[in-house]
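1 is the number of the first residue of the sequence shown in full-length UniProt numbering; add one for each residue after it.
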Amino acid sequence: MANPTLLILAGDGIGPEVMDQVVRIIDWYGDKRDLAFDVEHDLVGGAAYDKHGTPLHDDTMAKALEADAVLLGAVGGPKYDDLDFSVKPERGLLRLRKEMDLFSNLRPAQCFDALADFSSLKKELVAGLDIMIVRELTSGVYFGEPRGIFEEGNERVGINTQRYTESEIDRVARSAFELARRRGNKVCSMEKANVMESGILWREVVQKVHDEDYPDVELSHMYADNGAMQLVRSPKQFDVIVTDNLFGDILSDCAAMLTGSLGMLPSASLGAPNANGHPKAMYEPVHGSAPDIAGQGKANPIACILSFAMALRYSFDQGDEATRLESAIEKVLADGARTADLMGPEGGTPISTTQMGDAILEA
Ligand code: ATP
Ligand code: MG
């Protein structure tokens with residue numbers, strides 16, 4: 001049987017800079033032990049536009065659909081700001097998400113102890129935090145019809161529609177329960193069933209999936225506004241939170257800020273299982289292409305490396321290696337390694353993207 005494949009799309013701005021550090025880690029593994037998957041590289045975003053006149057070539061799309069996982073850096077930058085909407089770098093990313101049908105967006109909020117002890121950040125961060133927000137990514141109010149701005153009498157009205165089918169709720173609930181079994185075995189589902197019909201259906205379907213197929217997982221339900229409050233007041237009560245597209249957008253940003261810099265945050269977007277039983281998957285740092293620091297060797301590569309660790313865990317059955325990588329990151333942070341984004345007002349000398357890569361490889 002052929003090896004599974006990881007398709008790397010480094011993209012634009014700091015994307016290639018942070019991805020280089022992942023490639024060094026993969027190469028290091030190549031020398032030490034077999035990771036048992038093959039790596040391919042291709043272009044996305046502005047980089048693809050420069051070469052092909054489109055932010056995602058059809059061949060690249062086909063490769064992404066065949067790959068066992070895609071690892072993406074970042075897309076976009078000022079150079080492409082004036083391009084027509086249809087060929088903007090971001091369209092490449094959206095096409096990947098859409099055609100791979102990545103309906104379940106995993107956003108971990110995990111706080112590294114070394115940063116929580118860091119004096120300037122101490123007040124805002126939550127030491128020991130380790131939660132996962134599962135956000136429905138392909139439906140809900142961002143996509144529901146009717147939508148638009150319409151004339152109504154003598155004024156205009158802006159309309160969006162929150163819409164969820166049973167099957168859309170069912171599949172994202174399953175992905176949350178599966179995930180919980182590999183973590184703390186606890187799911188909290190958030191909606192507003194008190195004021196929204198879609199929330200009533202959401203709660204009902206999540207409960208049904210639980211009772212029928214995941215009775216071993218502890219399930220609770222919360223109104224999303226209460227959930228937001230609880231997330232700020234006592235976030236450690238949560239393990240996995242599953243919620244819709246809109247609430248997930250807000251709650252995952254909120255949870256992320258309990259953990260430190262944008263340069264530290266990975267994500268995964270998962271779809272339906274493929275032939276080998278693993279879901280279609282794309283992994284990417286939460287941050288963008290950061291044009292303000294691109295090309296300066298300053299970017300923090302940890303978000304991208306942690307995204308690769310998620311790929312090891314969820315797509316390649318290499319959870320132990322993922323944990324080893326995360327421990328190496330924990331160690332270098334504890335030893336004081338800091339890229340510029342992790343420096344507090346008290347100052348110090350930041351290290352470069354490559355030096356952070358060196359330190360992690362060494363650890
Ligand atoms: P997008 O629209 O693609 O989400 P954005 O403009 O919201 O992009 P980013 O490109 O993520 O945001 O950048 C936001 C800020 O965070 C910038 O000042 C950027 O330099 C900083 N930043 C983002 N990622 C990193 C990183 N890996 N290391 C250091 N700083 C980063
Ligand atoms: Mg942004």
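We treat Cβ as the ideally placed atom computed from N, Cα and C, and that holds for glycine.
Just list the residues that DSSP pairs D38 with in beta bridges. Counted from its first residue, the sequence shown places residue 38 at position 38. When beta bridges are read from the DSSP output, D38 appears opposite T5.
Could you say which of T60, E204, D34 and D38 lies nearest to G45 if we only look at CA atoms? Translated into positions along the sequence shown, residue 45 becomes position 45. Nearest C-alpha to G45: T60.
Note down, one range per segment and in chain order, each alpha helix (DSSP H) of at least 4 residues found wholly within the stretch 113–196. Fully enclosed alpha helix (DSSP H) runs of 4 or longer: 113–116 and 166–181.
Which residue marks the beginning of the beta strand (DSSP E) containing K280, and which one marks its end? On the sequence shown, residue 280 is found 280 positions in, with the first residue counted as 1. Unbroken beta strand (DSSP E) run through K280: P279 to P285.
Buried or exposed: where does R338 fall if 16 or more other Cβ atoms within 10 Å of its Cβ makes it buried? As a first step, residue 338 must be located in the sequence shown, where it is residue number 338. When all chains shown are included, R338 counts as buried.
Which residues bound the alpha helix (DSSP H) around P89? Residue mapping note: residue 89 aligns to position 89 of the sequence shown, counting from 1. For P89, the uninterrupted alpha helix (DSSP H) run begins and ends at P89 to E99, by DSSP.
Which residues share a DSSP beta bridge with A275? Counting from 1 along the sequence shown, the entry for residue 275 is found at position 275. Note: A275 sits in no beta bridge, so no partner.
Going by the CB atoms, is the gap between L102 and V134 shorter than 8 Å? In the sequence shown, the residue the question calls residue 134 occupies position 134. In the sequence shown, the residue the question calls residue 102 occupies position 102. Not a contact, by the Cβ cut-off of 8 Å.
P55 beta carbon less than 8 Å from that of K88: Within the sequence shown, residue 88 is the residue found at index 88, counting from 1. Within the sequence shown, residue 55 is the residue found at index 55, counting from 1. In this structure, P55 lies closer than 8 Å to K88 by Cβ.
Quick one: is the Cβ of A48 within less than 7 Å of any heavy atom of ligand 1? Counted from its first residue, the sequence shown places residue 48 at position 48. Closer than 7 Å to some heavy atom of ligand 1: that does not describe the Cβ of A48.
In the DSSP assignment, find the alpha helix (DSSP H) that holds residue 364 and state where it starts and stops. This structure does not reach residue 364, given that the chain is present from 1 up to 363, and the question cannot be answered.
Should L262 be listed as close to ligand 1, given that the test is whether its C-beta is under 7 Å from any heavy atom? Here residue 262 is taken as the residue at index 262 of the sequence shown, counted from 1. In this structure, L262 has its CB closer than 7 Å to one or more heavy atoms of ligand 1.
Under 7 Å from any heavy atom of ligand 1, does the C-beta of T349 make it? Indexing the sequence shown from 1 puts residue 349 at position 349. No, the beta carbon of T349 sits no closer than 7 Å to any heavy atom of ligand 1.
At the level of alpha carbons, what is the spacing between E90 and D38? By 1-based counting over the sequence shown, the position of residue 90 is 90. By 1-based counting over the sequence shown, the position of residue 38 is 38. Across the structure, E90 and D38 are spaced so that their CA atoms are roughly 27 Å apart.
Bounding residues of the beta strand (DSSP E) (the contiguous stretch that carries T54): The residue labelled residue 54 in the question sits at position 54 within the sequence shown. Judged by DSSP secondary structure, T54 falls outside any beta strand (DSSP E); it is assigned neither H nor E.
Please tell me whether, using a cut-off of 7 Å, the distance from the CB of D341 to the nearest non-hydrogen atom of ligand 1 is below it. Reading the sequence shown from its first residue, position 341 is the one you call residue 341. For D341, the shortest separation between its Cβ and any heavy atom of ligand 1 lies below 7 Å.
How would you label S261, buried or exposed, when you count the other beta carbons within 10 angstroms and need 16 or more for buried? Taking the first residue of the sequence shown as 1, we reach residue 261 at position 261. When all chains shown are included, S261 counts as buried.
Buried or exposed, going by whether 16 or more other CB atoms sit within 10 Å of the CB of P146? As a first step, residue 146 must be located in the sequence shown, where it is residue number 146. With a 10 Å radius around the Cβ and a threshold of 16 neighbouring Cβ atoms, P146 comes out exposed.
When you compare only the Cα positions, how much space is there between L246 and G297? Along the sequence shown, read from residue 1 onward, the residue named residue 246 stands at position 246. Along the sequence shown, read from residue 1 onward, the residue named residue 297 stands at position 297. For the pair L246 and G297, the Cα-to-Cα distance works out to about 35 Å.
Under three-state DSSP, which class holds Q237? In the sequence shown, the residue the question calls residue 237 occupies position 237. DSSP places Q237 in helix when its eight states are reduced to three.
So, L258 versus P235, is the Cβ gap smaller than 8 Å? Working through the sequence shown from its first residue, we reach residue 258 at position 258. Working through the sequence shown from its first residue, we reach residue 235 at position 235. In contact: L258 and P235 (Cβ atoms closer than 8 Å).
I'd like to confirm something about V187: is its beta-carbon nearer than 7 Å to some heavy atom of ligand 4, or not? With respect to small molecules bound, the structure shown includes ligand 1 and ligand 2 and not ligand 4.
Bridge partners for M222 per DSSP, in chain order? Counted from its first residue, the sequence shown places residue 222 at position 222. In DSSP, M222 forms a bridge with M190.
Could you check if D320 belongs to the surroundings of ligand 1, using beta carbon to heavy atom distance under 7 Å? For the purposes of this step, residue 320 is taken as residue 320 along the sequence shown, with counting starting at 1. Incorrect: D320 has no Cβ contact closer than 7 Å to ligand 1.
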